[in-house]
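The listed protein sequences correspond, in order, to chains U and R.
Throughout, the numbering used here is defined as the position within the first sequence, counted from one, plus 996.
Throughout, the numbering used here is defined as the position within the second sequence, counted from one, plus 7.
The beta-carbon is built from N, C-alpha and C at its ideal position, and this holds for glycine as well.
Remember, it's a predicted structure, so these values are computed and weren't measured experimentally.
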Amino acid sequence: MDLIKDDYKVSLEVFEGPLDLLLYLIKKDEVDIYDIPIGRITDQYMDYLQLMKVLDLNIAGDFLVMSATLMLIKSRMLLPVEERKDDQEEEEEDPRWDLVRQLVEYKKFKDAADHLEDLELHMENVFGRESEHVELGAPPDIDMRDASIFDLIASLNDALGRVQEEDLQEIFAEEYTVGQKVTYIVENLKIAKRLSITDLFGGMTSRQEIVCTFLAVLELIKLNRIACVQDAHFGDIVVEPREPEVMIDHDEEPEGGDEDSAVQEEML
Amino acid sequence: MSESTIDVLPELKQIVGALLFAAKEPLTVKRMRKAMIETGNGFGGPYEQYAKATDQQIEGALEQLKEDLDRAKAGLSVALVAGAYRLQNDAACGPFVRALLEKNQTMRLSKPALETLAIVAYRQPCLRSEIEEVRGVSVDAVLRKLIDMQLVRVVRRSELPGRPWLFGTTQKFLEHFGINTIDDLPGSQELKRAMPAEEKKKETTGTFPDMENELNEAPADSDADESMAALDEELQTEQNAGEEKA
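Put into structure tokens, the structure is as follows:
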């Protein structure tokens, strides 16, 4: 596992934060944001955190702070109302209120960010007399818009759930590495063009193999070699190759890529 | 000059169209007015009327031109971006233009970058801690990247303990998203001022409202009676800013 630990640490906090995860869970369960079933959401939140630990993702402190907050709210909810009043001088406020406020505010800015994204996409098609877009200083971030990291983790969770309990009596040498799985995925995509993530994990029997495969997927996304797309919310995730040799280079903007096919689709 | 010459004198609308076509970069109303004043004074006679064109008249002409172009479906439009006017193609024709210019892969910002940018845009000038409060994560790396990209800039230090930096968006931000001012973003009133009370107090006693006004209104407001020298000076600073950018 050394290889995984040293070379393939994926820093999740770059992509999304605890509020994102909470919004995701709320949306997934279709619960009212103003009346969050705190027990259930806390449990799900902890499950995700657990899973991130399995993956050895760099869990940001923010995620842990949020889990403490959730626990606190959960425990306050358990207290009878009268006792709560003694404890806090404030009016008897729903213990969830602060969190709800934060979530609602975050959601507003998320929507604002979506609007900016629309504007950005629109401006891609607009040129002035200078025939240039505004030159921005640095190379693009990793593109994780298609399927969110949480969707990916959910699929991993499914796959791990299917694995039968391992027989712990015998210990075998490490069989799989992330590097192996990277090659495996790349080779398979050359033939298949599209791989559903369920198929990718299908037939794998050990947790280690699944985790390695998952990390390989993340790694390939990071290298911009593949894209994970999801046709419907919470639908199956499909892994697709990006145009070959399109790598994020820090000095050059990548050429070609999936834009070409997007243009063609629009024309058709 | 005979009367027929006067007939060929162009309308204001035609002139602004020609100026936008000839200019390689977006034009402010001031620069257009300067060209008109110079022409008017240089040619004299019937041309003198152009020297008297006000900003409002020029803006009206631009508006007319925009309507005409839209109606004619010329594939072109006049847009006001970051305080300056420019001719641009209709977005619907974008794919063809991209193919022609071989600009198929353009850079897009990531979700975290967009979220951070949205917070900075609506809340500016704002502290890093304010952004982190909304997003619930550390934004150090993202913010740094946005500053590198010149979409976000340091406005100044705040008066709070430790004198943390205050951040705001840049001209490039407006250009990148094709908007004229921050107020063009939807819901800006609602999202804008939700500053914690004590900070608001501290901030408003400072120079911040003035600064904000300056920032918002700098490109727009001006007097019709400005002297040529003042105009020149402003244009000079404008150009300097442009050169720095380049």
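Could you tell me the alpha carbon to alpha carbon distance between R151(R) and A60(R), rounded to whole angstroms? When rounded, the distance between both Cα atoms is 45 angstroms.
Interfacial residues, the segment 116-132 of chain R to chain U, with Cβ spacing under 7 angstroms: L116, S117, K118, P119, A120, L121, E122, L124, A125, I126 and Y129
Please check if any C-beta of chain U sits within less than 7 angstroms of the C-beta of N187(R). no
Cα-Cα separation between T123(R) and F28(R), rounded to whole angstroms: 36 angstroms
Are Y949(U) and V141(R) touching if we call contact CB-CB under 7 angstroms? Any property of residue 949(U) remains undetermined from this structure, which presents chain U solely from 997 to 1264.
Which residues, in order along the segment 22-41 of chain R, keep a beta-carbon less than 8 angstroms from a beta-carbon of chain U? L27, F28, A30, K31, E32 and P33
Can you check which of these residues, N111(R), Y129(R) and L116(R), is closest to F1105(U) by C-alpha distance? Y129(R)
Quick check: the segment 1032-1039 of chain U against the segment 168-176 of chain R, are at least 3 beta-carbon pairs closer than 8 angstroms? no
Cβ-based contacts, 7 angstroms cut-off: residues of the segment 173-184 of chain R near chain U: K179, E182, H183 and F184
For the alpha helix (DSSP H) that contains V104(R), what are its first and last residues? G101 to L108
With C-beta atoms as the reference, is Q95(R) less than 7 angstroms away from A86(R)? yes
Inter-stretch contact at 8 angstroms, needing at least 3 Cβ pairs: the segment 35-49 of chain R / the segment 98-105 of chain R: no
Do you know how far the Cα of H183(R) is from the Cα of M4(R)? The structure shown does not extend to residue 4(R), since chain R is modelled only from 8 to 253, so the question has no answer here.
Tell me, please, whether the CB atom of G143(R) is closer than 7 angstroms to any CB atom in chain U? yes
Return the first residue and the last residue of the alpha helix (DSSP H) that I189(R) is part of. Segment: none, I189(R) is in no alpha helix (DSSP H) and carries neither H nor E.
Please state if the CB of D1154(U) and the CB of Q1226(U) are separated by a distance shorter than 7 angstroms. no
Could you tell me whether the Cβ atoms of M1073(U) and I1022(U) are closer together than 7 angstroms? No. Outside cutoff.
Just curious, the alpha helix (DSSP H) that F1197(U) is in, first and last residue? According to the DSSP assignment, F1197(U) belongs to the alpha helix (DSSP H) that extends over I1193 to F1197.
Please tell me whether V149(R) and P119(R) are closer than 7 angstroms, where the distance is taken between their beta carbons. yes
Taking only beta-carbon positions, decide if R987(U) is within less than 7 angstroms of chain R. Nothing about residue 987(U) can be read from this structure; chain U reaches only from 997 to 1264.
Could you please give me the residues that DSSP links to R163(R) through a beta bridge? L173(R)
Can you name the residues of chain U whose CB is closer than 9 angstroms to the CB of L76(R)? Within 9 angstroms Cβ-Cβ: nothing; L76(R) doesn't reach chain U, min ~14 angstroms.
By the 10 Å Cβ neighbour count, where 16 or more other Cβ atoms means buried, how is G24(R) classified, buried or exposed? buried
By the 10 Å Cβ neighbour count, where 16 or more other Cβ atoms means buried, how is T176(R) classified, buried or exposed? buried
By DSSP, does Y92(R) sit in helix, in strand, or in coil? Y92(R): strand per DSSP, three-state reduction.
Secondary structure, alpha helix (DSSP H): runs of 4+ residues fully inside the segment 13-64 of chain R: 19-29, 36-50 and 55-58
Neighbouring residues, chain R, relative to V1122(U) (Cβ below 7 angstroms): Chain R residues near V1122(U): Q95, N96, A98, G101 and G185.
What separation, rounded to the nearest whole angstrom, lies between the Cα atoms of G82(R) and L76(R)? 8 angstroms
Run through chain R and tell me which residues come within less than 8 angstroms of L1115(U), C-beta to C-beta. F184, G185 and I186
Is E1101(U) close to chain R, meaning its C-beta is less than 7 angstroms from at least one C-beta of that chain? yes
Chain U contact for L108(R) (CB, 7 angstroms cutoff): yes
Quick one: what does DSSP say P1237(U) is sitting in, helix, strand or coil? strand
If I follow the unbroken alpha helix (DSSP H) through V1213(U), where does it start and stop? In the DSSP assignment, V1213(U) falls within the unbroken alpha helix (DSSP H) covering R1203 to K1218.
Taking CB distances under 7 angstroms as the criterion, tell me whether P1091(U) reaches chain R. Not an interface residue.
Interface residues of chain R facing L1112(U) [CB-CB closer than 7 angstroms]: Going along chain R in sequence order, the residues near L1112(U) (Cβ under 7 angstroms) are L121, L124, A125 and F184.
Pull up the distance between the alpha-carbon of V1235(U) and that of V146(R), whole angstroms please. C-alpha separation (whole angstroms): 29 angstroms.
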